[in-house]
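Visitor: Pasting in a structure now, in structure tokens, and then I'll have a few things to ask.
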Amino acid sequence: MEKANPYLKKRQLNAIKKILLHEKERLTRKDANQDLFCLDKNELSDPLDEAAVNIQASQELRFRNRENFYLKKINKTLDRVENKTYGMCTDCDGEISFERLSARPTAELCIVCKEEAEVSESHNFHQKKSKSLGKTMAELR
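Residue 195 in the working numbering is what sits at position 41 of the sequence shown, and the numbering runs on without skipping anything.
In structure tokens:
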């Protein structure tokens, strides 16, 4: 007999899995239907046109990178579903609430650990030294 997920009811797990598979299909289909924005530089007569095209291509590339990152998170999450570890916080091994997973299906941290991580990230950001002035962010305020 297959062991059930200890954190979620089967109905809850199926609902989340359906969302994840839908997102994966949407991103995969979108990626397959799009060509990278590209124009021959010889087609551009004006340096301003060339700059605008470069900016647009850069934005498109950045957006695609974000979508690819999200697709990797979805695949990792689907692996966790199959391994029966979905719904378990990767930090404290506690349960991630169904409400949190419904709002953010790729969540790996429970709300307490996520809040602690955000406070730590914020603290680390404000302690960084300015490269030009050698001062912390707090000293610049």
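Glycine included, C-beta positions come from ideal geometry on N, C-alpha and C.
Could you check where the alpha helix (DSSP H) with aspartate 203 kicks off and where it finishes?
Guide: Counting along the chain, the alpha helix (DSSP H) containing aspartate 203 begins and ends at 201-236.
Visitor: When you compare the CB positions of valine 266 and cysteine 246, do they come within less than 9 Å of one another, or not?
Guide: Contact flag set, yes.
Visitor: Apart from the five residues on each side of it in sequence, which residues of its chain come closer than 6 Å, Cβ to Cβ, to isoleucine 170?
Guide: Excluding sequence neighbours, isoleucine 170 sits near Leu255, Pro259.
Visitor: Out of Glu177, Cys264, Leu162, point me to the one whose CA is closest to phenylalanine 223's CA.
Guide: Taking only the C-alpha atoms, the option nearest phenylalanine 223 is Glu177.
Visitor: Rounded to whole angstroms, what is the Cα-Cα separation between lysine 268 and alanine 206?
Guide: Cα to Cα, the separation comes out at about 39 Å.
Visitor: Measuring alpha carbon to alpha carbon, tell me which residue in Glu214, Thr182, Ala271 is nearest threonine 244.
Guide: Of the candidates Glu214, Thr182, Ala271, the one whose C-alpha sits nearest the C-alpha of threonine 244 is Ala271.
Visitor: Need the endpoints of the alpha helix (DSSP H) that leucine 255 sits in, please.
Guide: Taken as a continuous stretch (DSSP letters only), the alpha helix (DSSP H) holding leucine 255 covers 252-257.
Visitor: Using DSSP with H/G/I as helix, E/B as strand and the rest coil, what is glutamate 270?
Guide: Here glutamate 270 sits in helix by DSSP.
Visitor: Assign lysine 163 to one of three DSSP states: helix, strand, or coil.
Guide: If DSSP states are grouped into helix, strand and coil, lysine 163 belongs with coil.
Visitor: If we count the other Cβ atoms within 10 Å of its Cβ and call it buried at 16 or more, is threonine 182 buried or exposed?
Guide: It counts as exposed.
Visitor: In the DSSP assignment, what residue or residues form a beta bridge with glutamate 249?
Guide: Glutamate 249 pairs with Met242.
Visitor: Relative to the alpha-carbon of lysine 226, which residue among His277, Tyr161, Ala261 has its alpha-carbon at the smallest distance?
Guide: Comparing Cα-Cα distances from lysine 226 to each of His277, Tyr161, Ala261, the minimum goes to Ala261.
Visitor: Give a single yes or no on whether glutamate 275 has its beta carbon closer than 8 Å to a heavy atom of the ligand SAM.
Guide: Absence of the ligand SAM is noted for the structure shown, with no ligands found whatsoever.
Visitor: Apart from the five residues on each side of it in sequence, which residues of its chain come closer than 6 Å, Cβ to Cβ, to valine 235?
Guide: Taken in chain order, the residues that qualify are Lys171.
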